[in-house]
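The C-terminal residue of the sequence shown carries number 360 in my numbering, and the numbering is unbroken.
Okay, structure first, notes after.
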Amino acid sequence: MSHSPPAAIRLRDLVRRFPGRGAATTALDGVSLDVAPGEVFGIVGRSGAGKSTLIRCVNLLERPDAGGVEVLGQDLLALDERGLREARRGIGMVFQHFNLLSSRSVAGNIAFPLEVAGIPRAEREARVRELLPLVGLDAKRDAFPAQLSGGQKQRVGIARALASRPRLLLCDEATSALDPETTGEILALLRRLRDALDLTVLLITHEMAVVKAVCDRVAVMQAGRIVEQGRVFDVFTRPQHDITRRFVAEVIGHAVPPGTLARLPPPDPGEVREVLQVLFAGPHSTRAVVSEASRRFNIDLNIVSGRIDEIGGEPFGLLALAAYGAPEALAAATAWMRELGLDVSAPDLAASPTTPAEPA
Ligand code: ADP
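Here you go:
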C-alpha cells in the first residue's frame, strides 16, 4: 500500500459547546475532517450549522472542548503560545468583511502582519511588491480602502493573508459580501493562487454556487455535524442527504419547471403517465437513452425539459421525461436506465428553487 502524504488539515472528533442561559449550544458535535495538501476544500451549510466555529478551530482562534487539531503535520493543541504564533504564520485567513485598516494604504494593509511579526521594512516592501501583481492590484498600491471596490478590498485581504507565505489559506465566507460577478473573479483568483503558490485552501460558505465554482471536495454541515462529504462532482450528481439535495437544487435547479406537470396531456386508457427526472453523469451523458428506451420498451418518452452543465470540467445532464405506456413497460424502462447507471427519480418539486427551503 502506498503512503499518502500527511493531510494539510486533520481534525478529529471536534466538540465545541457554548454555554447559554438555558441549554448549551453544541456548535460542533464530533467533527472529523481530512484536507489533502493542494486541495480547495469547501464546508457548506446554513447559518448556525457550525462552519465559523469549525474554521476558527483550524487556527485555534476557537479552542475545541474536545478533539484533535493537526495542521501541516503539527498538533496545534500541544503548542505553547509562542509555538502557536509561529504555526499561525503558516495559516492565512481571509474574512467576509475584509477587516482592512481604513487609515492605511493598500500596501500598508498588506504589510501589516509582517510589521506585527517584526519583519524589517525593506523586506516588507519587497514582499508587498511581489504580492501586488499576484492579486492584480499594482495600480492601487497607494489607494486607501475607502477608494476601493468590494472586490479590490478582498484582493487586499487575500494579499495580506499571503504576506507571511502561508501554505494554508482559510476563507471565512470570503465572497459573501460581493456581487456574483466579483465573486467569480475572487474565486478564480483563489484557484490561480492555489496553483501558483501550491496552497491548500479551506473555505466556508452558505452558497453551493461557490462550492461548484471553486472546490475540489466539499463537506456539508448541519447542526454541528458533517452529514455528507465527497468530490464536488459526486456530491452534485449523487447527493445523499436531504440538506445536500436542497443545496444542490439551488444551483443546478430541477428538471421540471413549476406548472409544467399540470399542462402535460393525460395518458390513454390502459396506459399510465409518469414523470421521471434522469440525471446523466459520466459515460452515459451522451448516450441516446431516450430513443433506445422508447424502442426497447414500446413507450413514449417526451422530453419536458433538459439541461447540460459541467463541474470541474466533467459534464452532466439533467432531463425530465414524461413517460407514457403500460405500467410494466414503464417499470422495465426505469429499471433498465438504472442498470445503465443513470439516476432516475421522481422530480422533487418541493425543493424547487422557486420555493426555497427555510434556512435551518
Ligand atoms: P455558522 O458559521 O455555520 O453560521 P457558527 O459556527 O457561527 O455557525 O455557530 C454555530 C452555533 O454556535 C450557532 O448556534 C451559534 O449561535 C453558536 N455560537 C457560535 N459562536 C458562539 C459564541 N461565541 N457564543 C455563543 N454561541 C455561539
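Glycine is no exception: its CB is placed at the ideal position from the N, C-alpha and C atoms.
Check whether G38 and D234 have beta carbons under 8 Å apart: no
Exercise answer, beta-carbon shell around ligand 1 heavy atoms below 6 Å: F18, T25, A27, G45, S47, G48, A49, G50, K51, S52, T53
Spatially closest choice to R263 from V304, T26, F247, by CA coordinates: V304
CB-CB length for V94 against K140, believed under 8 Å: Their Cβ separation, rounded to whole angstroms, is 17 Å, which puts V94 and K140 out of contact at 8 Å.
DSSP three-state assignment for V235, whether helix, strand or coil: helix
Nearest to H314 (by Cα), restricted to the options G253, V210, D216, Q222: A small fix is needed here, since residue 314 is Glu in this sequence, not His. Of the candidates G253, V210, D216, Q222, the one whose C-alpha sits nearest the C-alpha of E314 is D216.
Bridge-paired residues (DSSP) for T205: V44
N-terminal and C-terminal residue of the alpha helix (DSSP H) that I9 is part of: First-last for I9: 9–18, but that is the beta strand (DSSP E), not the alpha helix (DSSP H).
Residues of its chain near E228, where Cβ-Cβ distance is below 6 Å and the 5 sequence neighbours each way are ignored: V220, Q240, H241, T244
For N302: DSSP bridge partner residues: A322
Proximal residues to V290 (C-beta, below 6 Å), its chain only, five neighbours per side dropped: L301
Contact under 8 Å by Cβ, P327 with Q277: no
For A23 and G118, the rounded distance between their alpha carbons: 44 Å
Cβ-based burial, V18 [other Cβ within 10 Å; buried from 16]: The amino acid occupying residue 18 in the given sequence is Phe; Val does not appear at that position. It counts as exposed.
Beta-carbon spacing of L203, G42 below 8 Å: yes
Opening and closing residue of the alpha helix (DSSP H) in which S294 lies: 289–297
N- and C-terminal bounds of the beta strand (DSSP E) containing F280: 272–281
Strand pairing of Q74, partner residues [DSSP]: V71
Straight-line Cα distance separating A209 from N298: 40 Å
Closest residue to L100 among G230, Q74, T260, A159 (Cα-Cα distance): A159
Q222, buried or exposed, once every other Cβ within 10 Å from all chains shown has been counted against 16: buried
Unbroken stretches of the alpha helix (DSSP H), 4 residues or longer, contained in the stretch 105–181: 106–116, 121–134, 150–162
Close-in-space but distant-in-sequence residues of the same chain around S52 (CB under 7 Å, 5 per side omitted): D172, I204
Cβ-Cβ distance between V31 and R225 below 8 Å: yes
Which listed residue (A322, I91, A49, G157) has its alpha carbon closest to that of S102: G157
A87 vs L77 beta-carbon contact at 8 Å: no
Best match in L190, A213, V256 for proximity to F236 [C-alpha to C-alpha]: A213
Start-to-end residues for the beta strand (DSSP E) that takes in R362: Nothing about residue 362 can be reported from this structure: the residues present for the chain run from 1 to 360 only.
I55, buried or exposed, once every other Cβ within 10 Å from all chains shown has been counted against 16: buried
Residue from I252, G20, R16 whose Cα sits closest to the Cα of T26: R16
Whole-angstrom distance between V135 and T182, CA atom to CA atom: 13 Å
7 Å Cβ shell around G50 - same chain, five flanking residues per side excluded: A27, L28, M221, G224
Extent of the continuous alpha helix (DSSP H) to which S52 belongs: 51–58
Of the residues G306, R296, G92, the one placed nearest G253, counting alpha carbons only: G306
R63 in three-state terms, based on DSSP: coil
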